[in-house]
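Working notes, beginning with the structure itself.
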Ligand code: NAP
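Numbering (my numbering), first residue to last: 68 to 540.
Rendered as structure tokens:
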């Protein structure tokens, strides 16, 4: 296993700029062949790459194999999208004679690649949101080179994957600058990448603090560029009373505990706040949730800094007014956190900040309302989220309709039943909700619409026939 990359240049953004026109003009089979070969190379070197990923992240071989499968699926899905055509051609309004407004010129609207994309890998998905993850796959599919800012939580893996990428580019006689890597050990490297004049867009997955700092740099450039940030999110899960008529409190608690504790809770889609009305079944649910979480398996977190932030956030939560801690982590045992709070304390303006802070780790806060009429006000008091989950809204009722409306206003994805961890890669997927979960809620970083972040519309008005003949269909 090579751990050193084939470093093509000290200035990968400049290399990407050189590769940009070649790649923008590439035909669908060329783009698809690259994406397919990148999936193949990951699969071919699966064993050593997964072993290295586990060594660096502690996420477990089974989970990492699944993540590698997902990453390959994603690369192939974008290859299929490119081959299906239509990625660049959007609309054609033929000319209509006569005076305006009915009369009009011929208008051909196309989407063109933005150019080199700076991509910040996520700490918690060493394959699916890293060197060959969804951002890279969607940017390459859109016709844009990518410069990856490697995440320090899996630096050796990033270099090993980058090495394989360079081999594929060489074999396909494509410019090495099509995929670059920045792996310096300080935030200055990422900052310099965002400020590099050859970079045309930024895709970021990480914390709100990091995202805001980099977004400000993107906006302060001499030529500001779009910044697509997927940030931290407190994802609500609202339990309607009907949920307990379909499933037992114990079964529901086991389902939630598994989702909260999965991968030490290091998922941006982990449910962070559960809202429910008081009652016998909810009380049993909370008791069983505490039992399950206290017994959940633990492993080291992704980085010492993430572990420290988790402990600090857990301590801040336990100090908040009205919060009652049932299960808590201690430095010697970085286990889950479960706390409860009454709805009146949760919605109280003076308590809002501490209770709404994302705790990146296996933490969940249960907000207990006096009755079901309190569910919607609690959800309304919450900020934007990547995903909102509703349990027990399967049957039509005024309460279900009210909660769907509130959830729709606050989240990019509204889930009925089940748990929100696990984001399917499909055409319809939306991973990105209102602020603060995303800086650009009109776009998604997962699913086939992810390409749209890196394409810009241009309309050709009354264009000559020779130009129209060469436009993508
Ligand atoms: P992070 O601290 O924001 O780091 C992410 C990347 O941004 C790293 O490469 C880091 O640089 C860089 N960075 C951070 N601050 C910077 C600054 N001021 N200037 C330049 N570069 C900067 O995030 P993390 O600790 O890896 O991940 C945990 C957080 O990410 C959680 O809040 C979690 O919710 C969020 N997250 C969100 C999603 C999603 O899909 N929305 C997915 C995963 C994680 P260095 O490499 O130099 O450290």
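Backbone N, C-alpha and C define an ideal beta-carbon position, used for all residues, glycine too.
A quick note: this is a predicted structure, and the numbers were derived from the prediction, not measured.
Under three-state DSSP, which class holds residue i?
i           : result
residue 302 : strand
residue 502 : coil
residue 449 : coil
residue 391 : strand
residue 414 : helix
residue 482 : strand
residue 196 : coil
residue 373 : helix
residue 72  : Note that residue 72 scores 42 on pLDDT, short of 50, meaning its location in the model is unreliable; the coordinates nonetheless yield the value given after this. Coil.
residue 266 : coil
residue 216 : strand
residue 240 : coil
residue 203 : helix
residue 520 : helix
residue 336 : coil
residue 164 : coil
residue 358 : helix
residue 344 : strand
residue 456 : strand
residue 490 : coil
residue 232 : helix
residue 174 : strand
Taking 7 Å as the cut-off, is the C-beta of residue i nearer than that to any heavy atom in the ligand NAP?
i           : result
residue 488 : no
residue 294 : no
residue 270 : no
residue 425 : yes
residue 281 : yes
residue 229 : no
residue 191 : yes
residue 303 : no
residue 300 : yes
residue 134 : no
residue 273 : yes
residue 297 : yes
residue 254 : yes
residue 196 : yes
residue 373 : yes
residue 257 : yes
residue 216 : yes
residue 453 : yes
residue 219 : yes
residue 187 : yes
residue 335 : yes
residue 555 : Residue 555 cannot be examined here, being either before or after the span of the chain that is shown, 68 to 540.
Give me the Cβ distance between residue i and residue j, rounded to the nearest whole Å; I'm assuming they're in contact under 8 Å.
i           : j           : result
residue 306 : residue 341 : 7 Å
residue 474 : residue 455 : 4 Å
residue 119 : residue 224 : 5 Å
residue 443 : residue 409 : 16 Å between Cβ atoms; not a contact.
residue 247 : residue 83  : 6 Å
residue 205 : residue 145 : 6 Å
residue 429 : residue 275 : Not a contact, Cβ separation roughly 19 Å.
residue 267 : residue 302 : Contact doesn't hold; Cβ gap of about 31 Å is too wide.
residue 317 : residue 435 : No, residue 317 and residue 435 are not in contact; Cβ-Cβ is about 18 Å, not under 8 Å.
Examine chain B for any beta-carbon lying closer than 8 Å to the beta-carbon of residue i, and answer yes or no.
i           : result
residue 314 : Absent from the structure: chain B. Only one protein chain is present.
What residue ranges within the region 76-104 form continuous beta strand (DSSP E) runs of no fewer than 3 residues, ordered along the chain?
none
In the region 268-317, which residue ranges form an unbroken alpha helix (DSSP H) of at least 4 residues, counting only runs that do not cross its ends?
275-287 and 310-313
Note down, one range per segment and in chain order, each alpha helix (DSSP H) of at least 4 residues found wholly within the region 92-161.
95-111, 113-124 and 128-151
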